[in-house]
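Numbering (our numbering), first residue to last: 263 to 347. What follows is a short report on a single structure.
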Amino acid sequence: MKAKIAVATVSGRAYYILVNELKKRGITFLSLRPWDSIPFDVKVVLTTEKEQASMKHPNIVVLKNESDSAMAVDEAIRIAQGKKD
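Here you go:
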C-alpha cells in the first residue's frame, strides 16, 4: 500500500516526534521536504506552523507543539481515511 500521509519538514525535532508517533501506530508515510512536490496519492501532509505557508496541498495538519503529536496524527489518519469527523 502506498503512503497516504506525508511528513514534510526540515525541523529535526518535529520530524522525530511525528515519525515516532506514526511508527508507533504502524502507519506508512512518505518523508518530504516542504519545497518537494507532493505525489497525487498523498491525502494529507503533516508539517510545522512555520513551514505550513510553503506547502501547496488541500489537506495540511500542523504540529503546533510537541505534546499535540498524537492529536495531529489522529487528524491526519482521519483525513487519509476520508472521514469528515
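Here a beta-carbon is modelled for each residue, glycine too, at the ideal position from N, C-alpha and C. Owing to the predicted nature of the structure, the values given are computational and were not obtained by experimental measurement.
Residue i - DSSP class collapsed to helix/strand/coil
{"i": "V281", "result": "helix"}
{"i": "I339", "result": "helix"}
{"i": "S293", "result": "strand"}
{"i": "K332", "result": "The sequence shown places Ala at residue 332, not Lys. Residue state, collapsed to three classes: helix."}
{"i": "A268", "result": "strand"}
Backbone CA spacing between residue i and residue j [nearest angstrom]
{"i": "T273", "j": "L292", "result": "A quick correction: the sequence has Ser, not Thr, at residue 273. S273 and L292: Cα-Cα distance of roughly 15 Å."}
{"i": "R340", "j": "N321", "result": "11 Å"}
{"i": "V304", "j": "K345", "result": "15 Å"}
{"i": "S323", "j": "K266", "result": "Note that residue 323 is Val in the sequence shown here, rather than Ser. Between V323 and K266, the C-alpha separation is close to 13 Å."}
{"i": "S329", "j": "T309", "result": "15 Å"}
{"i": "R249", "j": "V281", "result": "Missing from the structure shown is residue 249; the chain here goes from 263 to 347 and no further."}
Residue j beta carbon less than 7 Å from that of residue i
{"i": "I289", "j": "S331", "result": "no"}
{"i": "E307", "j": "A334", "result": "Note on identity: in this sequence residue 307 is Val, with Glu being the wrong assignment. Not closer than 7 Å, so no."}
{"i": "P296", "j": "E313", "result": "yes"}
{"i": "A270", "j": "L294", "result": "yes"}
With 16 other Cβ atoms within 10 Å as the buried cut-off, status of residue i
{"i": "A315", "result": "exposed"}
Beta-carbon contacts of residue i that lie in its chain and below 7 Å, excluding the five residues immediately before and after
{"i": "E337", "result": "V323"}
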